[in-house]
Amino acid sequence: MLTEPQSPNINAFKDPRWGRGQETPGEDPFHLQRYVAAMLTGLEGDDSPKKLIATCKHYAANDFENYNGVDRAGFDANITTQDLSEYYLPPFKTCAVERSVGSFMCSYNGINGTPLCANSYLLEDILRQHWGWNGDGQYVSTDCDCVALMVSHHHYAPDLGHAAAWAMKAGTDLECNAFPGSTALQFAWNQSLISEKEVDKSLTRLYSALISVGQFDSAREQPLRSLLWDDVNTKEAQNLAYQSAIKGAVLLKNDGTLPLSVGAARKYAFIGPWVNATTQMQGNYFGPAPYLISPYQAAKDLELDFTYTLGSKINSTDDSFQQALESAHAADIIVFAGGVDNTLEAETLDRKTLAWPESQIDLLRAVAALGKPVIVLQFGGGQVDDTELLANKSINAIFWGGYPGQSGGKAILDLLFGRAAPAGRLPVTQYPASYNKAVPSTDMNLRPGPGNSGLGRTYMWYNGETAVPYGFGLHYTTFDVKLKTMRESALIRTDEVSSRLNDADTSGTPSWQQILTKPVLSVIITVSNTGTMASDYVALLFLRSDAGPTPRPIKTLAGYSRFRNIQPGKQVEGEVFITAERLVRVDELGNRVLHPGYYEIFVDLDEKSTQAFEVGGPSVVVEEFPQPKHQN
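In full-length UniProt numbering, the protein residues as written are 1 to 632.
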């Protein structure tokens with residue numbers, strides 16, 4: 001058996017209804033690229049043998065489960081070559097080019113008429129040829145049952161034998177969930193639909209993969225065999241889980257009510273379906289946790305004077321509604337913990353609405369009308385429309401905590417009481433509930449057009465009103481931020497790019513890869529804590545430009561850095577390198593083009609500091625993208 005965790009999931013969280021968006025880090029492809037590069041380093045390691053075989057999935061554009069009767073298992077995504085190259089593929093490109101991951105998983109859906117697991121354009125032309133992912137032991141696995149679905153749902157292959165043969169010929173090596181006694185491959189062989197050479201190619205990849213993780217070595221030579229029970233659930237691991245919950249939480253609203261004081265003689269009413277959450281905090285696909293600290297347990301550990309009443313279930317009323325109001329009326333401060341969970345979002349289950357569940361919003365309105373301070377703790381992977389809560393002056397603060405894991409309750413209570421400072425940024429756009437009807441999940445276009453009501457998708461193209469914008473996040477302190485840019489290379493002129501593209505390649509790496517990964521700007525960031533509380537600060541560097549043809553993205557993420565534990569009155573400095581890949585535009589053929597023009601780098605949503613620079617010379621194609629071809 002292959003040592004394969006079938007992770008990470010790096011499809012972009014482009015659609016706010018997607019049930020599995022909770023598994024991914026957000027909607028921005030550059031953010032996903034940096035995330036997956038780090039995650040693969042941790043999973044596979046840099047040594048030989050590898051610790052395990054990671055699997056980048058789901059290749060590609062698999063970002064909804066079911067929508068108005070359209071199921072992912074038979075969905076054919078109509079995607080322009082431009083959007084494919086610019087948005088849907090970059091995280092997978094990082095898996096292949098930068099990290100040389102052990103395995104890819106082809107997804108359930110098709111793209112432009114061909115199921116992914118039989119799509120030689122994606123699997124061979126782009127993945128293995130253009131990206132150079134063709135080393136020993138690198139193989140493609142299907143998502144489970146994809147071969148059968150090519151017949152039953154896509155109606156692409158006439159029978160299982162042809163489906164298996166076409167998948168293997170297109171570059172798929174392994175089928176997930178092939179049922180015992182399956183004769184699909186045997187049928188393909190008997191009908192001469194596949195050759196011995198093709199079978200040997202896949203077998204060689206799979207057995208080479210086993211060798212790459214030391215499957216045939218002695219136990220003492222395998223790195224994971226040296227671990228003992230003392231290496232599990234260490235204090236370092238526990239602290240990492242806690243810090244992940246702290247750093248991932250986002251403060252969406254605060255009128256000065258937060259942080260609270262533990263020592264103050266106040267009575268709290270904790271209300272809502274997430275107050276006593278335990279397994280809920282893990283989201284989907286998780287291992288056994290050593291403990292699960294709910295907000296309720298964390299409040300007990302702080303020895304708060306509080307009551308707990310459910311008041312509402314996640315998506316239905318509860319008999320304790322009136323009791324919750326009575327508890328709230330008797331309290332000094334009301335803490336409501338709610339949102340969504342895996343009963344509303346999960347694999348095979350997309351969200352049906354972006355609004356707060358009706359039973360919860362009714363309860364929130366009722367407690368807000370009491371005139372007491374109200375703090376909302378919003379949980380779940382997907383966002384709910386907070387427009388009403390943000391506008392309601394009786395709602396004093398809102399935190400988004402996602403699925404915070406085993407220490408989630410402790411983390412969120414420590415944030416409420418100032419034992420930790422919030423510095424997280426929203427990794428997705430929080431859309432108004434009306435987005436649900438305006439933009440169908442099946443429309444894959446990023447740019448504004450008739451299929452998405454002229455609105456576009458993601459912060460890069462969406463031109464409508466947001467409830468909360470991508471990258472938003474408040475702090476308990478204030479910051480002053482300054483930028484200074486320094487040129488790192490001559491690539492700021494396009495004629496120098498042309499010269500380098502024409503240079504003889506001596507490293508074995510294509511010249512376009514060398515150029516795109518080369519830093520062209522160094523951005524010096526100076527951050528001063530001008531408030532009264534120590535805090536992290538996450539600097540988000542955005543880029544906008546008048547270069548290249550219209551339509552142009554509103555802005556794109558060019559870089560980011562987290563400055564840690566900045567003390568009040570102190571100043572810190574850091575450096576972020578901007579690569580050439582952040583400056584290029586993608587044309588209609590999927591090519592990456594560097595255009596002359598005026599560029600601006602700015603920090604944060606309120607543009608705390610801006611630096612401008614120019615690129616001179618004619619437009620030059622840095623990377624020529626493979627063009628689609630007719631398939632089976």
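All C-beta atoms, glycine included, are put in the ideal place defined by N, C-alpha and C.
Bear in mind the structure is a predicted one, so any value in this text is a computation, not a measurement.
- The C-beta of I395 has 16 or more other C-beta atoms within 10 Å across all chains shown, which makes the residue buried.
- The alpha carbon of T556 has as its nearest neighbour, out of Y459, Q297, L32, the alpha carbon of Y459.
- Per DSSP, the beta-bridge partners of L349 are A346.
- Going by beta carbons, R493 and I515 fall outside the 8 Å limit.
- Cβ neighbours of E198 within its own chain (closer than 8 Å, five residues either side excluded): M168, K169.
- DSSP lists F104 as the beta-bridge partner residues of C56.
- Closest in C-alpha terms to G135, from the list V151, T142, S100, N78, comes S100.
- Inclusion of F30 and G21 in the CB contact set at 8 Å is not warranted, their separation being larger than that value.
- Residue state for S441 is assigned as coil, using DSSP reduced to three classes.
- Taking a contact to require three or more Cβ pairs closer than 8 Å, the stretch 45-53 and the stretch 81-90 do not qualify as touching.
- For A184, the uninterrupted alpha helix (DSSP H) run begins and ends at 184-190, by DSSP.
- The secondary-structure analysis by DSSP pairs T485 across a beta bridge with V523.
- In the three-state reduction of the DSSP assignment, T387 falls in the helix class, which pools H, G and I.
- For the options Q282, L228, N452, A60, the alpha carbon positioned closest to that of C106 is the one of A60.
- The continuous alpha helix (DSSP H) containing G408 extends over residues 408-416.
- G574 sits in a strand when the DSSP states are folded into three classes.
- A distance below 6 Å between beta-carbons, with the five flanking residues on each side excluded, links P290 to the following residues of its chain, in chain order: N233.
- Around the beta carbon of A369, fewer than 16 other beta carbons sit within 10 angstroms, so the residue counts as exposed.
- The three-state secondary structure of K201, taken from DSSP, is helix.
- With a cut-off of 8 Å on Cβ pairs, the stretch 532-551 is not in contact with the stretch 125-144, counting fewer than three such pairs.
- In the DSSP assignment, Y268 falls within the beta strand (DSSP E) that extends over 267-271.
- For I375, there is no enclosing alpha helix (DSSP H); the enclosing beta strand (DSSP E) covers residues 374-379.
- Cα atoms of Y108 and L174: separation of roughly 14 Å, rounded to the nearest angstrom.
- It is roughly 42 Å from the alpha-carbon of I10 to the alpha-carbon of L325.
- Residue environment: Q360 is assigned as buried (16 or more neighbouring CB atoms within 10 Å of its CB, all protein chains considered).
- DSSP lists K267 as the beta-bridge partner residues of D305.
- The three-state secondary structure of R544, taken from DSSP, is strand.
- When C-alpha distances from V367 are compared across Q383, K352, F216, L389, the shortest belongs to L389.
- Under the 10 Å beta carbon count, E44 is surrounded by 16 or more other beta carbons and is classified as buried.
- If you draw a 10 Å sphere on the C-beta of K437, you find fewer than 16 other C-beta atoms in it, and that means exposed.
- Excluding sequence positions up to five before and after P158, its CB lies within less than 8 Å of the CB of V151, all in the same chain and listed in chain order.
- Pairing D71 with W18 gives a Cβ-Cβ distance that is not under 8 Å.
- In this structure, V428 is the residue among V497, T442, R487, V428 with its C-alpha nearest to the C-alpha of T466.
- Counting C-beta pairs closer than 8 Å gives fewer than three between the stretch 296-304 and the stretch 343-362, which falls short of the contact rule.
- With respect to the C-alpha of L589, the residue from I79, H58, M39 having the closest C-alpha is I79.
- Counting C-beta atoms within 10 angstroms of its own C-beta, A612 has fewer than 16 neighbours from the protein chains shown and is therefore classed as exposed.
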